[in-house]
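Enquirer: Residue numbers (the working numbering): 12 to 183. We put the CB at the ideal spot given by N, CA and C, even for glycine.
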Amino acid sequence: LHQKLALALLGLALLLAPAACGSKGPPPPPKVGEWGWGQNMALRVQKVDTGPLLVYARDNKYWQLLAPEGQQFVMVWVDILQKDAGTMQINPVSERVELRDATDTKYTPIPITGGEVIESSPSGYYAPLFTEPVSLPPGNSISGWVAFVTPKGAALKELVWDEIDRITVRLS
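(1) So, for T98: in the same chain, excluding its five sequence neighbours on each side, which residues have a beta-carbon less than 6 Å away from its beta-carbon?
(2) When the Cα atoms are used, what is the spatial distance from E143 to T124?
(3) For A138, which residues in the same chain have their Cβ closer than 6 Å to its Cβ, ignoring the five residues on either side in sequence?
(4) Excluding the 5 residues preceding and the 5 following L18 in the sequence, name in chain order all residues of the same chain whose CB lies nearer than 8 Å to its CB.
(5) Buried or exposed: W74, going by 16 or more other Cβ atoms within 10 Å of its Cβ?
(6) Which residues share a DSSP beta bridge with L64?
(7) Kindly indicate which three-state DSSP category D112 falls into: helix, strand or coil?
(8) So if DSSP puts S146 in a beta bridge, which residue, or which two residues, is it bridged to?
(9) Exposed or buried, what is E127 when buried is set at 16 or more other beta-carbons lying within 10 Å of its beta-carbon?
(10) Quick one: Cα of L77 to Cα of A158, how far?
(11) Which residues does DSSP pair with L140 in a beta bridge?
(12) Provide the residue span of the beta strand (DSSP E) that contains D176, from first to last.
(13) Answer yes or no: do S154 and I101 have a C-beta to C-beta separation smaller than 9 Å?
(14) Identify, in the order they occur along the chain, each residue of the same chain with its Cβ nearer than 8 Å to the Cβ of K168, setting aside the five sequence neighbours on each side.
(15) Count the other CB atoms within 10 Å of the CB of E80; is the residue buried (16 or more) or exposed (fewer)?
(16) So is R177 buried or exposed if we call it buried at 16+ other beta carbons inside 10 Å?
(17) How is the beta strand (DSSP E) around G47 delimited, first residue to last?
Structural data, given as structure tokens:
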């Protein structure tokens, strides 16, 4: 009986030892403004904007798009750094890039095309848009806005970029 009790206590001690030593598992994902590092690339979300109107510049003109009823645009400014690997293909409008809300609903980036031309120069617009695949040589970086559409008022939780490396950035 004493031997069984001693073995049970030893097993319990071994289970609790990592917690007692301060081992908490992997660090939490970075948040807005912090770099998330993978083996081959790094990702930083600098800013997140939401709203019903998207104004952007293309072909020396300003364009505006209105979000569908009950929806909002979510614009995410990303910086991507190519570390030491060979030239990487980065595609910002891909199913491998996801915005997730508090209910774990996933939203993929949308291509930005069309809209209504604005005659006058707006006070605020999104440029550069990051909407096309890019070849990124070692040691180079790219920055730009990636666009999503979500339900109005969605509680945004994280951006997951699962291309080359899987990097998650907390948004809230």
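Expert: Short version:
(1) As a working mapping, residue 98 is identified with position 87 in the sequence shown. S146, P148, listed in sequence order.
(2) On the sequence shown, position 132 is the one that residue 143 refers to. On the sequence shown, position 113 is the one that residue 124 refers to. Answer to the nearest angstrom: the Cα atoms are 12 Å apart.
(3) As a first step, residue 138 must be located in the sequence shown, where it is residue number 127. Counting only Cβ-Cβ distances below 6 Å, and skipping sequence neighbours, we find A68.
(4) Start at 1 with the first residue of the sequence shown, and residue 18 comes out as number 7. Its pLDDT being 44, under 50, L18 is placed unreliably by the model, and the measurement read from it follows with that caveat. Cβ neighbours of L18 beyond the five flanking positions: none.
(5) On the sequence shown, residue 74 is found 63 positions in, with the first residue counted as 1. W74 is buried by the Cβ-count criterion.
(6) Along the sequence shown, read from residue 1 onward, the residue named residue 64 stands at position 53. Note: L64 sits in a beta bridge opposite L77.
(7) The residue you call residue 112 lines up with position 101 of the sequence shown. In this structure, D112 counts as strand in the three-state DSSP scheme.
(8) As a first step, residue 146 must be located in the sequence shown, where it is residue number 135. Paired residue(s): Q100.
(9) Walking along the sequence shown from the start, residue 127 turns up at place 116. Its Cβ having fewer than 16 others within 10 Å, E127 is exposed.
(10) Numbered from 1 along the sequence shown, position 66 holds the residue referred to as residue 77. Numbered from 1 along the sequence shown, position 147 holds the residue referred to as residue 158. Distance between the alpha carbons of L77 and A158 is about 13 Å.
(11) Position 129 of the sequence shown holds residue 140. Per DSSP, W156.
(12) As a position in the sequence shown, residue 176 is number 165, starting the count at 1. Note, D176: beta strand (DSSP E), 176 to 181.
(13) The count along the sequence shown starts at 1 and reaches residue 154 at position 143. The count along the sequence shown starts at 1 and reaches residue 101 at position 90. No, Cβ-Cβ distance for S154 and I101 is not below 9 Å.
(14) Here the question's residue 168 lines up with position 157 in the sequence shown. Answer for K168: R111, D112, A113, D115, R181, L182, S183, listed in chain order.
(15) By 1-based counting over the sequence shown, the position of residue 80 is 69. Exposed, since its Cβ has fewer than 16 Cβ neighbours within 10 Å.
(16) Within the sequence shown, the letter at position 166 stands for residue 177. R177 comes out exposed.
(17) If you number the sequence shown from 1, residue 47 lands on position 36. Note, G47: beta strand (DSSP E), 46 to 48.
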